[in-house]
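Residue numbers for the sequence shown follow this note's numbering, beginning at 4 and rising by one.
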Amino acid sequence: MTIELHTFTVTLNQSEATAYKSLAEHRAWVRTAVSDLSEVLRTAGMGAEARLRGHDRCGHLVVEATDTGADFLRTLPAIVSVEVH
């Protein structure tokens with residue numbers, strides 16, 4: 004059985020730096036949000052369906068996911084958008 008992964012750009016909720024007092028505060032929020040999302044994927048048993056591959060300081064993540072994994076990401080309140088490459 005072959006699992007087909009696609010690359011998605013995921014934007015986190017409140018990824019705009021202007022909502023924070025400083026860029027350092029925003030970067031700290033992004034690191035925490037990425038870590039929390041990773042934990043959510045593990046505890047939900049979605050580790051095989053969605054894999055975090057990288058992120059920038061602005062709250063945009065690169066995720067490899069199956070269609071099921073992408074659908075799961077779209078249901079999370081911490082996610083603003085999930086766009087396929």
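Every residue, glycine too, gets a C-beta built ideally from N, C-alpha and C.
Touch check for the region 4–15 and the region 75–88: three-plus C-beta pairs under 8 Å? yes
Measuring alpha carbon to alpha carbon, tell me which residue in Asp59, Leu55, Leu79, Arg60 is nearest Leu8. Working through the sequence shown from its first residue, we reach residue 8 at position 5. If we check each option's Cα against that of Leu8, Leu55 comes out closest.
What does a CB cutoff of less than 6 Å around Phe75 pick up in its chain, not counting 5 residues either side in sequence? In the sequence shown, counting from the first residue as 1, residue 75 sits at position 72. Within the same chain, Phe75 has close Cβ partners Met49.
Just mark Leu26 as buried or exposed, buried being the case when its beta carbon has 16 or more other beta carbons within 10 Å. Mapped onto the sequence shown, residue 26 falls at position 23. It counts as exposed.
Can you list, in chain order, the residues of its chain with a C-beta nearer than 6 Å to that of Val37? Leave out the 5 residues immediately preceding and following it. The count along the sequence shown starts at 1 and reaches residue 37 at position 34. For Val37, where only same-chain residues beyond five positions count, the Cβ hits under 6 Å are His58.
Identify whether Ala22 lies in helix, strand or coil by the three-state DSSP scheme. Looking up residue 22 in the sequence shown gives position 19. In this structure, Ala22 counts as helix in the three-state DSSP scheme.
Taking the continuous alpha helix (DSSP H) assigned at Thr78, which residues delimit it? The sequence position of residue 78 within the sequence shown is 75, counting from 1. Note, Thr78: alpha helix (DSSP H), 70–78.
What separation, rounded to the nearest whole angstrom, lies between the Cα atoms of Thr10 and His63? One-based indexing of the sequence shown puts residue 10 at position 7. One-based indexing of the sequence shown puts residue 63 at position 60. The straight-line gap from Cα to Cα measures roughly 13 Å.
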